[in-house]
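A quick write-up on the structure given underneath.
Residue numbers (our numbering), protein chains in the order written: chain A, 1 to 327; chain B, 328 to 654.
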């Protein structure tokens, strides 16, 4: 996902801010131990879109009263949320038996599940350590609540694997916890660190939460309908691991679809090609996409709460890219 | 490990403090989600000796200027270190393919590695969340540095599996990072929260660090020489997973032992019974135990730094139990 250049000043500030985030990230993960250093350098290749830091910095700039400034606390918080995200990627790849991530072998594929488990732990630990450098315990408290929710989302999802009765509301609750709470917190924290009033901070959280759910739906759609070369990571993992996602749930909601038996059979046989074509033909893929687009539209409605109009424009383009992306 | 009753007043305060720690621990891990709640209740069964909270509370009482008081910050910090420890147990059991822990099936044995990975993450996350409730970012910073070291220790250990050239200094560095830094921090934090001066805080860290190394050596000895029924957890895991521990290292240090070939063969064949009897006969087990006892003696030498003499006596008995234990 590239950022649009609607507003060169905001874009330049954002690009500069993201460089500072990358520097803070890399500095935090330096280790004098070769065995650790080597793994950290590998994990850094997972750094992709920087969606979460981007949202935190944009939200921070957009909700400032005066000039849209990115200060050091924004940078450290943004590096922290990216590190939390990277930790979840490393552990997700263990859970999904995934072998490819951002066109590279995963840590579990390269070095085994054991090393991937501890590397993920190391990233979580470093995220909390980095975040503590801001010197604001309430930030730690907030991020601790976020990572609690994140793990709860994963635990509920694990408990519902291979469960064909999973309904839309439960799916959304899982996605909210495992993805959207963190994305919402990025926007919220950006605003809070800029000293925005409560109504702006709350609106920013809602923007991020909606975008986060839409982002995860799009991710799930890519897992179902994308191809590995374009997506750049292992796909078909949801079917393989018994995770029902929105297109399948929407399809099964309709009580008497003629292709119901065929869809259930494709799930049972883990036949990704058959499932994809059935869900495409039935309009269920379209339905899931429409659902995600509605969430993006809802998120955009909150953007007038931002106090800096030039940031709003950049934010709107970014919001659209959440669903208009092929990787 | 039971605590001695040298000083009923201190003992009563400690027992009361540990009850408060357990309460804080359980309150933190409550979840409205049944899938999460059930796992937390299972993990609570792993709670055993409460060595780390005990050391934190004793150190806190011992280094107080006036009365040996346990305040709420001590309690929250003690629950946090126990939660960090429990997270490492859950992930260690994944790494070690262990099936028994505190005489119960492990989470990985019962619910699979995937659930155990995320439950461990949930415990780490909750530990940081709980710790943030103290409202002192420097405490978060310190514990973040501790968990960084802990993961580094595990990563170095993983990188040296099946490496027969592992020497004593590297083994001690691994043990220091993966176990002793946390135990040292328990003593240090207890003292710091009691407002002790730097020299007392530093002495407390040294006490904990030495006890931590001794504790791990004893743990490794039990893995080699103990029996599962007494130890209460899967044993023989070190040999199975290619982890060289102190008795083997001490044995291999001697250049020309006549049983060298037999020991190397036992390691290669993962023949735990043969390895145990060779290392016992050679005196290497005795040597490792002596090494641990020296560390306990060193730790005891620092105890006069504690300002409360009645606490010192309880601490001394606890120190001895670190090596005199069968589980």
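Each residue gets a CB set at the ideal place from its N, CA and C atoms; glycine is no exception. Keep in mind that this is a model prediction, so the values were computed, not measured.
*Going by beta carbon distance, what residues of the same chain come within less than 7 Å of residue 454 of chain B, once the five residues before and after it are set aside?*
The residue given as residue 454 of chain B occupies position 127 in the second chain. Counting only Cβ-Cβ distances below 7 Å, and skipping sequence neighbours, we find 407, 410, 411 and 414.
*Hey, how far is the Cα of residue 131 of chain A from the Cα of residue 19 of chain A?*
Here residue 131 of chain A is taken as the residue at index 131 of the first chain, counted from 1. Here residue 19 of chain A is taken as the residue at index 19 of the first chain, counted from 1. Whole-angstrom Cα-Cα distance: 18 Å.
*Three-state secondary structure (DSSP) at residue 350 of chain A?*
This structure does not reach residue 350 of chain A, given that chain A is present from 1 up to 327, and the question cannot be answered.
*Under 7 Å (Cβ pairs) to chain A, residues found in the stretch 475-503 of chain B*: 475, 478, 479, 481, 482, 483, 485 and 486
*Own chain residues within Cβ distance below 7 Å of residue 733 of chain B, not counting five before or after*: Outside the shown range of chain B, which is 328 to 654, sits residue 733 of chain B, and nothing can be said about it.
*What three-state label does DSSP hand residue 548 of chain B in the structure shown?*
Here residue 548 of chain B is taken as the residue at index 221 of the second chain, counted from 1. The answer is helix: DSSP assigns residue 548 of chain B an H, G or I state.
_Neighbouring residues, chain B, relative to residue 117 of chain A (Cβ below 7 Å)_ = Residue mapping note: residue 117 of chain A aligns to position 117 of the first chain, counting from 1. Per Cβ cutoff of 7 Å: 418, 421, 422 and 444.
*State the CB to CB distance for the pair residue 299 of chain A and residue 250 of chain A, rounded to an integer number of angstroms; the pair is presumed to be in contact (CB under 8 Å).*
By 1-based counting over the first chain, the position of residue 299 of chain A is 299. By 1-based counting over the first chain, the position of residue 250 of chain A is 250. Contact doesn't hold; Cβ gap of about 21 Å is too wide.
_residue 245 of chain A - DSSP class collapsed to helix/strand/coil_ = Counting from one through the first chain, the residue named residue 245 of chain A turns up at place 245. Coil.
*Where residue 433 of chain B and residue 91 of chain A are concerned, what is the direct C-alpha to C-alpha distance, given to the nearest angstrom?*
The residue given as residue 433 of chain B occupies position 106 in the second chain. The residue given as residue 91 of chain A occupies position 91 in the first chain. Cα to Cα, residue 433 of chain B sits roughly 19 Å from residue 91 of chain A.
*Expressed to the nearest angstrom, what Euclidean distance is found between the alpha-carbon atoms of residue 202 of chain A and residue 303 of chain A?*
Translated into positions along the first chain, residue 202 of chain A becomes position 202. Translated into positions along the first chain, residue 303 of chain A becomes position 303. Going by the C-alpha atoms only, they are around 11 Å apart.
*asked:* Just checking: is the beta-carbon of residue 33 of chain A within a distance shorter than 9 Å of some beta-carbon in chain B?
replied: Working through the first chain from its first residue, we reach residue 33 of chain A at position 33. Judged by the 9 Å Cβ criterion, residue 33 of chain A is in contact with chain B.
_Burial state of residue 382 of chain B (16 or more Cβ within 10 Å)_ = By 1-based counting over the second chain, the position of residue 382 of chain B is 55. When all chains shown are included, residue 382 of chain B counts as buried.
*Is the stretch 486-503 of chain B close to the stretch 515-528 of chain B, with three or more CB pairs under 8 Å?*
no
*When we look at the beta-carbon of residue 560 of chain B and count the other beta-carbons within 10 Å, is it buried (16 or more) or exposed?*
The sequence position of residue 560 of chain B within the second chain is 233, counting from 1. Looking at its Cβ environment, which holds 16 or more other Cβ atoms inside 10 Å, residue 560 of chain B is buried.
*Put residue 529 of chain B into one of helix, strand or coil per three-state DSSP.*
Position 202 of the second chain, counted from the start, is the residue given in the question as residue 529 of chain B. Three-state DSSP puts residue 529 of chain B in a helix.
*asked:* Can you list, in chain order, the residues of its chain with a C-beta nearer than 7 Å to that of residue 243 of chain A? Leave out the 5 residues immediately preceding and following it.
replied: Here residue 243 of chain A refers to the residue found at position 243 of the first chain. Answer for residue 243 of chain A: 157 and 161, listed in chain order.
_Of the residues B:456, B:512 and B:460, the one placed nearest residue 477 of chain B, counting alpha carbons only_ = Against the second chain, residue 477 of chain B aligns to sequence position 150. For the residues B:456, B:512 and B:460, the minimum Cα distance to residue 477 of chain B belongs to B:512.
*With a floor of 4 residues, list each alpha helix (DSSP H) that falls wholly inside the stretch 87-158 of chain A, ordered by position along the chain.*
107-111 and 113-132
_Counting only C-beta atoms, is residue 134 of chain A closer than 9 Å to chain B at any point?_
The residue given as residue 134 of chain A occupies position 134 in the first chain. So yes, residue 134 of chain A belongs to the interface.
*Cβ pair residue 551 of chain B, residue 563 of chain B closer than 9 Å*: As a position in the second chain, residue 551 of chain B is number 224, starting the count at 1. As a position in the second chain, residue 563 of chain B is number 236, starting the count at 1. Yes, the pair counts as a contact, with Cβ atoms nearer than the cut-off.
*Given a limit of 9 Å on CB to CB distance, which residues of the stretch 64-81 of chain A reach chain E?*
Chain labels in this structure do not include chain E; the protein chains are A and B.
*When A:52, A:316 and A:282 are compared against residue 297 of chain A, the one with the closest alpha-carbon*: The residue given as residue 297 of chain A occupies position 297 in the first chain. With distances taken between Cα atoms, residue 297 of chain A lies closest to A:316.
*Out of B:653, B:463, B:422 and B:456, which has the shortest C-alpha to C-alpha gap to residue 298 of chain B?*
As displayed, chain B neither begins before 328 nor continues past 654, which places residue 298 of chain B out of reach and without an answer.
*Can you name, in chain order, every residue of its own chain whose Cβ lies under 8 Å from the Cβ of residue 553 of chain B, other than the five neighbours on each side?*
For this step, residue 553 of chain B is matched to residue 226 along the second chain. Hits under 8 Å: 562, 653 and 654.
_For the structure I just gave you, are there three or more beta carbon pairs, one from the stretch 172-190 of chain A and one from the stretch 38-46 of chain A, closer than 8 Å?_
no
*By Cβ distance, which residues of its chain are closer than 6 Å to residue 558 of chain B, with the 5 residues on each side in sequence left out?*
By one-based count along the second chain, residue 558 of chain B stands at place 231. For residue 558 of chain B, where only same-chain residues beyond five positions count, the Cβ hits under 6 Å are 549 and 654.
*Close Cβ partners of residue 358 of chain B (< 6 Å) along its chain, the five nearest in sequence each way excluded*: For the purposes of this step, residue 358 of chain B is taken as the residue at position 31 of the second chain. Closer than 6 Å at Cβ, skipping near neighbours: 364.
*Closer than 6 Å by C-beta to residue 21 of chain A: which residues in its own chain qualify, once you throw out the five before and the five after it? Chain order, please.*
Locating residue 21 of chain A in the first chain gives position 21, where the first residue counts as 1. 53, 75, 78 and 79, listed in sequence order.
*Using a cut-off of 7 Å between C-beta atoms, extract the partners of residue 456 of chain B located in chain A.*
Here residue 456 of chain B is taken as the residue at index 129 of the second chain, counted from 1. Here the neighbours are 141, 144, 145 and 148.
*Can you say whether residue 494 of chain B is buried or exposed, counting buried as having 16 or more other CB atoms within 10 angstroms of its CB?*
Mapped onto the second chain, residue 494 of chain B falls at position 167. Exposed.
*In whole angstroms, what is the alpha-carbon distance linking residue 183 of chain A and residue 49 of chain A?*
Here the question's residue 183 of chain A lines up with position 183 in the first chain. Here the question's residue 49 of chain A lines up with position 49 in the first chain. The alpha-carbon atoms of residue 183 of chain A and residue 49 of chain A are separated by roughly 13 Å.
*In whole angstroms, what separates the C-alpha of residue 439 of chain B from that of residue 636 of chain B?*
Numbered from its first residue, the second chain carries residue 439 of chain B at position 112. Numbered from its first residue, the second chain carries residue 636 of chain B at position 309. Whole-angstrom Cα-Cα distance: 48 Å.
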